[in-house]
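Below is one structure, written out as structure tokens; comments come after it.
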DNA sequence: GACAATTGTTACACAGTATAACAAAAAGGA
DNA sequence: TCCTTTTTGTTATACTGTGTAACAATTGTC
């Protein structure tokens, strides 16, 4: 299998092949069920030899993971920026920014929610987001609180992804500004209130 | 394919075969990855002929769906009972009942969360639970509310399933009574508060 | 231009799905 | 109990998709 060094040092043929395979997979997932896509179908679409796929990836899942990992890291950055904003008045703006980012990378998120095989990736995304929220919740917790911060963090992370999924399925309406407000009220304020009070 | 009348009128051989196949699938999923289970492996385990599987089901997914549908209906009943309880003081007890039911049907829920192919079933479960919660939220909504009840219902349904999944992964601790309290504070009270206030 | 790395072509072994035809066993009614 | 119907088992076969091997052709790099 060809080396996978820094993208700069990589052989241009390898870069090209992998890019073409990623693009072909994205196109195929958006037009049909992921489970029904075969490697032969992918390589035909990408116009590369069948065996070439195996020279770069062990499975379609691995290729899918490479495609999704790309964008999920960026989402996490947005959420981290948001979480560090202790200025509550700015939270709505930051919430809006999340949904504007999703709007921009629409295809990527459509794939994340569409294909069942992305479940593993969703789980790791949830874990990363949950860790961020967990840190935000920790200082608010009272000594004998009923709600463990681990549960609160997980709750917020999954709720956010669910809200994003709902939004995408509803053709991205209402607009990001409105979604930012919903996000703040339903997930941030509600959860923080529950942790602080219970 | 043999007829699928009321379970009473069904041929005893058909009832037996399908029961054995269901049991074998449950056993296999609990001990290995669902995606790696082949039909031949299933029929070997069930000690029936390979072709017999196709005389009853079109795919492993269909069999899995039959297994899960069985128990998810009952869960919904518990949640409906809970939602109709307007007496807030009793909500904790009802929340406890949900987690006691899950404790009882542990294997079923482990399978629901373990296998990616159960995603479709999870979605339909979420839809059903969301509809129940949506009705609970509707009367609380103010005229120009920021949060649509559809989002609130979806949020509560997914949060509940996430809480259940977290609980199962944590070996079902804390106990159901404690989980009932967390459920009430984090999901019911927090969401209702957000809908009524925002 | 020479060498190394990557890609393409062809062939093949293998596992899993799905079906057909016929034999064996079990259920149910007279 | 005998007879008929239905279900299950056995064997064979076609088909699709995965994964690898050997070697030729192409492309990148020094």
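Residue numbers (our numbering), protein chains in the order written: chain D, 91 to 288; chain H, 91 to 288.
Every residue, glycine too, gets a C-beta built ideally from N, C-alpha and C.
These numbers were taken from a predicted model, which means no experiment stands behind them.
Is DSSP giving residue i helix, strand or coil here?
i: residue 117 of chain D; result: helix
i: residue 219 of chain D; result: helix
i: residue 234 of chain H; result: coil
i: residue 195 of chain D; result: coil
i: residue 245 of chain H; result: helix
i: residue 139 of chain H; result: coil
i: residue 288 of chain D; result: coil
i: residue 57 of chain H; result: This structure leaves residue 57 of chain H out entirely; chain H is present only between 91 and 288.
i: residue 147 of chain H; result: coil
i: residue 101 of chain H; result: coil
i: residue 271 of chain H; result: helix
i: residue 53 of chain D; result: Absent from the model: residue 53 of chain D. The displayed extent of chain D is 91 to 288, so no value can be given.
i: residue 282 of chain H; result: helix
i: residue 122 of chain H; result: coil
i: residue 127 of chain D; result: coil
i: residue 207 of chain H; result: helix
Do you know whose CA, among the options, lies nearest residue i's CA?
i: residue 238 of chain D; options: H/127, H/254, H/130, H/264; result: H/264
i: residue 123 of chain D; options: H/194, H/284, H/207, H/275; result: H/207
i: residue 244 of chain D; options: D/225, D/260, D/233; result: D/225
i: residue 250 of chain D; options: D/205, D/126, D/172; result: D/172
i: residue 107 of chain D; options: D/134, D/196, D/210; result: D/134
i: residue 103 of chain D; options: D/236, D/196, D/132, D/142; result: D/142
i: residue 216 of chain H; options: H/252, H/201, H/195; result: H/252
i: residue 152 of chain H; options: H/209, H/196, H/191, H/197; result: H/209
i: residue 262 of chain H; options: H/100, H/213, H/121, H/197; result: H/197
i: residue 92 of chain D; options: D/117, D/161, D/147; result: D/147
i: residue 259 of chain D; options: H/213, H/222, H/259, H/109; result: H/213
i: residue 191 of chain H; options: H/130, H/166, H/223; result: H/166
i: residue 174 of chain H; options: H/257, H/112, H/223; result: H/223
i: residue 144 of chain D; options: D/101, D/183, D/111, D/187; result: D/111
i: residue 205 of chain H; options: H/121, H/105, H/101; result: H/121
i: residue 187 of chain D; options: D/105, D/233, D/273; result: D/273
i: residue 161 of chain D; options: D/116, D/240, D/105; result: D/116
i: residue 221 of chain H; options: H/125, H/240, H/233; result: H/240
Contact check, residue i vs residue j under 8 Å by CB: the rounded distance?
i: residue 281 of chain D; j: residue 242 of chain D; result: 6 Å
i: residue 189 of chain D; j: residue 269 of chain D; result: 4 Å
i: residue 114 of chain H; j: residue 136 of chain H; result: 4 Å
i: residue 169 of chain D; j: residue 219 of chain D; result: 6 Å
i: residue 211 of chain H; j: residue 155 of chain H; result: 6 Å
i: residue 288 of chain D; j: residue 275 of chain H; result: 4 Å
i: residue 203 of chain H; j: residue 164 of chain H; result: Residue 203 of chain H to residue 164 of chain H, Cβ: 17 Å. No contact.
i: residue 150 of chain D; j: residue 127 of chain D; result: 7 Å
i: residue 185 of chain H; j: residue 283 of chain D; result: Not quite, the Cβ-Cβ distance comes to about 18 Å (not below 8 Å), so this is no contact.
i: residue 236 of chain D; j: residue 271 of chain H; result: 5 Å
i: residue 193 of chain D; j: residue 266 of chain D; result: 6 Å
i: residue 246 of chain D; j: residue 201 of chain D; result: Their Cβ separation, rounded to whole angstroms, is 23 Å, which puts residue 246 of chain D and residue 201 of chain D out of contact at 8 Å.
Any residues in the stretch 228-246 of chain H with a beta carbon nearer than 9 Å to a beta carbon of chain D? Which ones, in chain order?
Residues passing the 9 Å Cβ filter: 236, 237, 238, 240, 241, 242, 244, 245.
Please name the residues in the stretch 200-213 of chain D whose beta-carbon is closer than 7 Å to at least one beta-carbon of chain H, in chain order.
When CB distances to chain H are screened at a threshold of 7 Å, the residues of the stretch 200-213 of chain D falling below it are 206, 207, 209, in chain order.
Which residues, in order along the stretch 269-280 of chain D, keep a beta-carbon less than 9 Å from a beta-carbon of chain H?
The stretch 269-280 of chain D vs chain H, Cβ under 9 Å: 271, 272, 274, 275, 276, 277, 279, 280.
Report the residues of the stretch 114-132 of chain D with a CB closer than 9 Å to any CB of chain H, ordered along the chain.
Correct list: 125.
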